[in-house]
Amino acid sequence: MADHRNGNGNASAAAAYTINIENFSKRLKSFYSHWKEHRTNLWGSSDAVAIATPPASEDLRYLKSSALNIWLLGYEFPETIMVFMKKQIHFLCSQKKASLLDVLKKSAKEAVGAEVVMHVKGKTDDGTALIEEIFRAVRAQSKSDGIESPVVGHIAKEAPEGNLLETWSDKLKNSNFQLSDVTNGFSDFLAVKDSTEITNVKKAAFLTASVMKHFVVPKLEKVIDEEKKISHSLLMDETEKAILEPAKVKVKLKAENVDICYPPIFQSGGEYDLRPSASSNDESLYYDSTSVIICAIGSRYNSYCSNLARTILIDANAAQSKAYEVLLKAHEAAISALKPGNKVSAAYQAALSVVEKEAPELAPNLTKSAGTGIGLEFRESGLSLNAKNDRVLKAGMVFNVSLGLQNLQAQTKNPKTEKFSLLLADTVIINEKQPEVVTSISSKAVKDVAYSFNEDEEEEEEKPKVKSEAKGHEPLLSKATLRSDNQEMTKEELRRQHQAELARQKNEETARRLAGGGNGTGDARGGARALGDLVVYKNVNDIPPTKELMIQIDQKNEAVLLPIYGSMVPFHIATIKSVNSQQDSNRSWYVRIIFNVPGTPFNPHDTNSLKFQGSIYLREVSFRSKDSRHISEVVQHIKTLRRQVASRESERAERATLVTQEKLQLAGGRFKPIRLTDLWIRPSFGGRGRKLPGALEAHVNGLRYSTSRQDERVDVMYVNIKHAFLQPAEKEMITLLHFHLHNHIMVGNKKTKDVQFYVEVMDVVQTLGGGKRSANDPDEIEEEQRERDRKNRINMDFQNFVNKVNDLWGQPQLKGLDLEFDQPLRELGFHGVPHKAAAFIIPTTSCLVELIETPFLVVTLSEIEIVNLERVGLGQKNFDMTIVFKDFKRDVLRIDSIPSSSLDSIKEWLDTTDLKYYESRLNLNWRPILKTITDDPEKFIEDGGWEFLNMEASDSDSDNTEDTDQGYEPSDVQSESGSDDDNDDSESLVESEDEEEEDSEEVSEEEEGKTWEELEREATNADKEKGDESDSEEERKRRKMKAFGKARVPDRGAPPKRAKLR
């Protein structure tokens, strides 16, 4: 394939290289042994073997002389002549090469009893005299053996290059020697590789397959996905760079040991050439329906070659699919026939037999060879896998098994797809038992090379049917749907039903993860489902009924239902590109939904828009409403559902933790840096002196914040950004950009994962005049207007910066990071105490954040296992929220003192984001609970998983527990009988502070006389109690009964319960 270039090594570098003496001795002995054994049939009865290596070249080429140099000496010796005789080995070369070859004299004598003779050529010498010396030595050896006319073996097909080799060739032809071509001899003994050579081939093959799997295929998928225009030659150049830089595909090979076998080949659009000399043209890659793309790449490691070719099918028709399946079977049959003892022709015969059996009409289109031997040469002569080669296969041989079908008819009307060809190639090593395909990590299975964008309607109808049967329940609609009049189920009942389903899913997922079958930190929003199927309802009857024509979101079927001309029309969430809302001058709110349509840039999950390209597409739709809350909810739900689907469908593994940040690449001449000035940073830089504002700039691979001081600089790499937020000032004093990072960075001398850049939208001014100013004071009104204008201007500047950075993140080289600025949804916010100070906590589409007070709070929703709402009960003014993470080794997060008025809205938000929540009347001590779960996960699963938190279930269980014969017993009797057995259990359930309070009261009733220190401690504990004194006594008794697992204390007027029979 294409022209060929010399090997990696070059002896003219001399001093930097040393010859492996042990390897030289072993291989020289092997060469002489083979020469002696096969002198008559393979070596042309030669008495001497002459190898003339031409000058080095930058062209890609493969020569037997160069291969022998590398095999015997470790690297190539250009412009060098080697003559092997029974008792002598002659080298004709320059002084530098001769000094390097001097070390061989002793080894050659010990290995084969041959004396090494150096003939050093001067720079101005044409070498004639030295050549005559070598000829005299050949004649002298022949006379001693009684031979009048010696036979000199040489490689006949290699034309002489350079003055020295031309002189040598002329002298050799004009001598009285008999000349014999020894190409077959070299081919035979170089065909079987030793262990070192096999290792080099495997490394080369691994690099080749890795480039195909991790670079070529993703590159083609991205080009097709985004409908980009790219030429075959540009793909060739980019792939060549990937081969020459193994680190790009995460292969740990030194770049200096790596080279290409030939320029990578990309072919499409009806023009195909399956010959080894093919090349990539300047035509654009063609990937319309029924198109075929052929990719072939080869790499070398330490000069040993490997090869790989794959064919990619786009919306293949029946003829193309059948042809590929037949070729795949034939290719596998050819590989299976490569066993020691078989003839070389057996491989091609096996492939041909499969084609003649499966599709006889394709036999004339089959390539005339199934490949060649491969090693130091890309094509080893004498080892072609054709029907006539009767050489015997041996263990240690390596083959490039390359099989194709050419000039096939696709029966389409498109001239670029009516003719197509198919090609498959793998590098195969022959072992004693089974052949080893060392490029197998690059799949050639039909499911991995066939891409379909026009699936049959029948197939599309089947998938949702299977899905609905598997789920076994009706789809649950989101909160937006519940605004309609639903007489059968109330909002609370629907929420309970959804939470019950979430509980089942959560327990199953936790069980899988604890059993080792799942990722402890992954997103648990359900199994992945291919987005190739966009049918959300099988027929019209499956659409949820509604009495009001309002926008609805069906979470279960991932659909948005829009009222259009009196009907509810469903759209899959993957078809929606963006959604936003705005208010007009008449105080009406608009929601605008933009869809993915062909001809616009696609995001990673919009490949479905390639389907049904002949159809009419809806580009965007707008709705008007007076209900601002409903519009806000609709926008939030759609954005949340889009993010969940995108996150679930993405096959990208979590980005590896970055320990060292990459270097920031400045925009320079590529584009003008996106800049935002007069910003302050949190955490602030240390040091003395006045704090200075700085500027934030967006560059090629990261953001840079800097002030006028040289040492005040922070770089935030895009790959290190986990979440990015824009929070405009509304009721706050600042507008901010916040970045939550994967890994810590240093800001000054502070280590942080959160970096924030902000501007104060108004100055904090306190009037010292003492008198009140009138609300109608013109100066006051003007000042307020100036503050509003300043706030709006700053918010607009931040929004413009964010929009430009979002556009930058949407470019192909950054699109894989899936970055986008998120904006807190203020209407869903609530007050609470996440750390020490009260704050306003706001959900976003992917997080729960508090970005004003420090330390900041950023909780990723996909990392949450469950949420437990604690101290929830009648009469309580506030409650606490405990967030349990999927990583049980991570401490829970508690947000205290949330007003009870926010309880319903928080439940609604948790439910719509598919987060399972529980309610409890007590604060739980989570550390021992999580330790119990991780210590014995099987028991946790057997006991019902998280259902021990279900307050309704625990209440019913306590009501059904067996009572004693005496019925109701006083609390002190119960505490005595239960304290020994249940002390440990209560410790794992009830917060330790409450436990100390209860214990102190029990002791106070039993002991007589206490020290002042004990009395003071009891008083301190009593002061910590919440609520008034009358309520706390009853509350303590109730909590004590629950902690000790006894029946609840009945009302004083109630009769005692009758003991139940077993």
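In our numbering, the protein residues as written are 588 to 1649.
A virtual CB, placed ideally from N, CA and C, is assigned to each residue, including glycine.
Around the beta carbon of F1258, a 10 Å sphere encloses fewer than 16 other beta carbons of the protein chains shown; the residue is thus reported as exposed. In this structure L1011 touches L914 by the C-beta definition: roughly 6 Å separates them, less than 8 Å. Put simply, the backbone Cα of K809 is about 14 Å away from that of T826.
Here the stretch 896–913 makes no contact with the stretch 960–975; the two share fewer than three CB pairs at distances below 8 Å. Around the Cβ of T1519, a 10 Å sphere holds fewer than 16 other Cβ atoms; the residue is exposed. Assignment of beta-bridge partners to Q854 by DSSP yields I881. For G1335, same chain residues with a beta-carbon under 8 Å away, outside a window of 5 residues either side, are P1270, S1271, F1272, G1273, G1274 and E1299 in chain order. R1375 counts as exposed, since fewer than 16 other C-beta atoms from the protein chains shown sit within 10 angstroms of its C-beta.
For W630 and S1027, the gap between their C-alpha atoms comes out near 37 Å. Secondary structure note for H1085: it is in no beta strand (DSSP E), and the uninterrupted alpha helix (DSSP H) holding it is K1078 to L1101.
Here D1265 has P1280 and V1346 as same chain residues with Cβ atoms under 7 Å from its own Cβ, once five neighbours each way along the sequence are excluded. Per DSSP, the beta bridge partners of W1267 are Y1345. Remark: C-beta atoms of L953 and L925 do not approach each other more closely than 8 Å. A Cβ-Cβ distance of about 14 Å is found for the pair V838 and L895, leaving them out of contact under the 8 Å criterion. Here the stretch 1462–1480 lies against the stretch 1505–1518, with 3 or more beta-carbon pairs under 8 Å apart. As for any beta strand (DSSP E) of minimum length 3 sitting wholly inside the stretch 752–786, the runs are 765–768, ordered along the chain.
Per the coordinates, the alpha-carbon of L615 lies some 42 Å from the alpha-carbon of K916. By a beta-carbon distance limit of 8 Å, Q1314 contacts P1411. Their separation comes to about 5 Å. Boundaries of the alpha helix (DSSP H) harbouring E624: I608 to E624, taken from the DSSP string. The stretch 875–883 and the stretch 775–786 do not touch, with fewer than 3 CB-CB distances between them shorter than 8 Å. Residues of the same chain with a CB within less than 8 Å of the CB of N1094, apart from the 5 flanking positions on each side, are I1528, G1531, G1532, W1533 and E1534 in chain order. When C-beta atoms of the stretch 721–736 are compared with those of the stretch 685–695, fewer than three pairs fall below 8 Å, so the two segments do not count as touching. Apart from the 5 residues on each side of it in sequence, S1219 sits with its Cβ closer than 6 Å to the Cβ of E1414 in its chain, given in chain order.
Counting of Cβ neighbours within 10 angstroms places V979 among the exposed residues, the total staying below 16.
A637 sits in a strand when the DSSP states are folded into three classes.
Relative to the Cα of K1309, the nearest Cα in the group L1328, R1291, Y1292 and V1303 belongs to L1328. Residue range L1490 to T1499 is occupied by the alpha helix (DSSP H) that includes T1499, with no beta strand (DSSP E) assigned at that position. One alpha carbon belongs to A698, the other to D689, and they sit about 15 Å apart.
A residue is called buried when at least 16 other Cβ atoms come within 10 angstroms of its Cβ; L1602 does not meet this threshold and is exposed. Under DSSP, the beta-bridge partners assigned to L1435 are P1430 and V1446.
Boundaries of the beta strand (DSSP E) around R1481: L1480 to P1486. S932 is a Cβ neighbour of K975, given a cutoff of 8 Å. Distance from the CA of N628 to the CA of G856, rounded to the nearest whole angstrom, comes to 48 Å. For H819, the enclosing alpha helix (DSSP H) has its first and last residue at H819 to L831. For a cut-off of 8 Å, the C-beta gap from N787 to N889 is around 5 Å, short enough to register as a contact. Look at the stretch 1377–1420 and you find these whole runs of alpha helix (DSSP H), each 4 residues long or longer: 1399–1402.
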